[in-house]
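Residue numbers (the working numbering), protein chains in the order written: chain A, 51 to 372; chain B, 593 to 882. A quick write-up on the structure given underneath.
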């Protein structure tokens, strides 16, 4: 109940932002931070709650983005395309998950296989005709709410906020439901979970599908905002990194960690860009240094500050297919 | 399709490209294959080494092969310090943190290079850059042939190091049983740092062999990262002979794939091979089942 109240409060507060300020800069910042939040939440379901470190979540992001874009090119309404995008991303997740988990890939092996799948999709997207190849795809422009294209930032902000709300509800559900308990049991000790009757394969498969669907929602949202997608944006490592860094920095396996992480990293990125924007690269140097410092001094993530020791999750030991 | 006059040069080209891949992967074999540190700064470190070779040539006129004596120890020192001062201390020994720290390091390195050199692609010119050697119906660039020999020498040296020296024995002991090694009086942090240093020293050698026939820009390393991981897994974690053969194999797959399916799809061959090996034979093609 406390989680639901907190989520409701968060959503209500952020939803008011466009009523308080008209500033495009501020609204744009909030919108992009929420978008990062969505990606981090999506990654956190599999990586944080499930302990499966994907390094290729762009795979699901790109799938969602391309489905959303292609459906519109075929004349479909974006609102109708969105569930399709989610479904396709979940399906890709299920296939990759079925292969990886069936053969017991864990730890860095799982990270690498997801990265490799994302690369395969990137090269495929460059080569097959219906993605527009390296040129990318443009979405037909018809600005209206019925067409999920908004004249103001506020519309996009509310759209992504509702997606974030869904992701938060899913995370809250994972914290309290039986399935969530199974998932965290599998993360903490797969053998022990199996011994008490949990099927780790099915649990992980459901988690990657759920995680993939939310990541696909992120991709679909990206297409609606920028009305353009290409293979590098869709399947390049940038998005995967953005999602996992925010989730880990914020605090893995927590409800609010990904939100805090995405917000902190966005503030940091904006701050350094504004301060050092005239020198190419220096803002990213500072970003990288701060990232290392965060890991060094806040190893449990922002959400883990002040959390009693007994709540710390057991350190996951890398055990590649033993 | 199977014309010898086309196939043989493609094969040879694949082997020499593969030798370069193997050189890059040999360092990672030690870092990831033996010690299980996921080093996402591997490509960025290679890029730094390439710039070092580039600067030595352009500013001081030092030949890339002569630069080996400076770049290899330099990269070793960088690796030793990075592991000891940054990675080890920042990661608290957690896998996910090592991943983040090496990622952060890669971001820092790449953007420092961007700051210093802009995003221009640079090459060097030596007397032998355009020299070629004829082998049967194929002509091979001399620098590529030299890097092939270099890959053989470096992997032989690494095998000797692991098999014959106290350090090699200590590395193997730490990889197998960290606590036990510590109890035997092995300085585990030192061994980790030495391994990381040697891993980066290999990149220094790779850069010296690579640059006469290659180029450098701030992003050049990213193209090597996944290929290097592929080779390490393909060759069987921690096997240097495996990394060498795996590297050559990847080069040949890419070259033949490019020949038959076009340039971009040749790359898919590598990743498909990687996924297949991960799924069906994660101990690698040449590794024994643990």
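Beta carbons are placed, not taken as given, at the ideal position from N, Cα and C, and that holds for glycine. Computed from a prediction, not measured in an experiment: that's the story for all the values here.
Helix, strand or coil: how does DSSP classify residue i here?
| i | result |
| --- | --- |
| residue 726 of chain B | strand |
| residue 602 of chain B | helix |
| residue 274 of chain A | helix |
| residue 733 of chain B | strand |
| residue 323 of chain A | helix |
| residue 194 of chain A | strand |
| residue 165 of chain A | helix |
| residue 632 of chain B | coil |
| residue 304 of chain A | coil |
| residue 133 of chain A | helix |
| residue 372 of chain A | In this prediction, residue 372 of chain A has a pLDDT of 31, which is less than 50 and means its spatial position is unreliable; nothing more can be read from the coordinates. |
| residue 104 of chain A | coil |
| residue 53 of chain A | helix |
| residue 329 of chain A | coil |
| residue 230 of chain A | helix |
| residue 179 of chain A | helix |
| residue 608 of chain B | helix |
| residue 336 of chain A | helix |
| residue 842 of chain B | helix |
| residue 649 of chain B | helix |
| residue 156 of chain A | coil |
| residue 344 of chain A | helix |
| residue 349 of chain A | coil |
| residue 721 of chain B | coil |
| residue 627 of chain B | coil |
| residue 142 of chain A | helix |
| residue 355 of chain A | coil |
| residue 738 of chain B | helix |
| residue 884 of chain B | Outside the displayed range of chain B (593 to 882) lies residue 884 of chain B, so it cannot be described from this structure. |
Shortest alpha-carbon distance to residue i belongs to which of the options?
| i | options | result |
| --- | --- | --- |
| residue 330 of chain A | B/799, B/699, B/603 | B/699 |
| residue 716 of chain B | B/740, B/654, B/804 | B/804 |
| residue 275 of chain A | A/266, A/319, A/210 | A/210 |
| residue 317 of chain A | A/231, A/57, A/246, A/333 | A/333 |
| residue 182 of chain A | A/298, A/100, A/282 | A/282 |
| residue 255 of chain A | A/161, A/151, A/265, A/192 | A/151 |
| residue 866 of chain B | B/817, B/782, B/855 | B/817 |
| residue 875 of chain B | B/845, B/861, B/822 | B/822 |
| residue 645 of chain B | B/798, B/680, B/682 | B/798 |
| residue 746 of chain B | B/596, B/605, B/639, B/613 | B/613 |
| residue 292 of chain A | A/166, A/267, A/133, A/83 | A/83 |
| residue 707 of chain B | A/336, A/349, A/343 | A/336 |
| residue 56 of chain A | A/222, A/324, A/298 | A/222 |
| residue 77 of chain A | A/108, A/142, A/352, A/205 | A/205 |
| residue 607 of chain B | B/796, B/871, B/732 | B/732 |
| residue 824 of chain B | B/596, B/628, B/602, B/598 | B/628 |
| residue 694 of chain B | A/300, A/295, A/353 | A/295 |
On the DSSP bridge list, what partners appear for residue i?
| i | result |
| --- | --- |
| residue 714 of chain B | B/808 |
| residue 187 of chain A | A/279 |
| residue 123 of chain A | For residue 123 of chain A, which the question treats as bridged, DSSP gives no partner whatsoever. |
| residue 199 of chain A | A/194 |
At which residues does the alpha helix (DSSP H) containing residue i begin and terminate?
| i | result |
| --- | --- |
| residue 226 of chain A | 203-226 |
| residue 244 of chain A | 240-245 |
| residue 298 of chain A | 287-300 |
| residue 694 of chain B | 687-709 |
| residue 681 of chain B | 680-683 |
| residue 669 of chain B | 660-673 |
Looking at residue i and the ligand GDP, is the gap between the Cβ and the nearest heavy atom below 6 Å?
| i | result |
| --- | --- |
| residue 242 of chain A | Annotation note on the ligand GDP: not contained in the displayed structure, which lists no ligands. |
Handout entry: Within the region 749-836 of chain B, ranges of the alpha helix (DSSP H) (whole runs, at least 4 residues)
Key = DSSP runs (the alpha helix (DSSP H)) wholly in the region 749-836 of chain B: 758-768, 770-775, 780-802, 814-826.
Exercise for the section: Would you mind listing the alpha helix (DSSP H) stretches within the region 58-98 of chain A that are 4+ residues and don't spill past its ends, in chain order? Expected result: If we require 4 residues or more, the alpha helix (DSSP H) runs fully inside the region 58-98 of chain A come out as 67-70, 74-94.
Problem - Runs of beta strand (DSSP E) lying entirely within the region 851-881 of chain B, each at least 3 residues, in chain order - result: Segments of the beta strand (DSSP E) lying fully in the region 851-881 of chain B: there are none.
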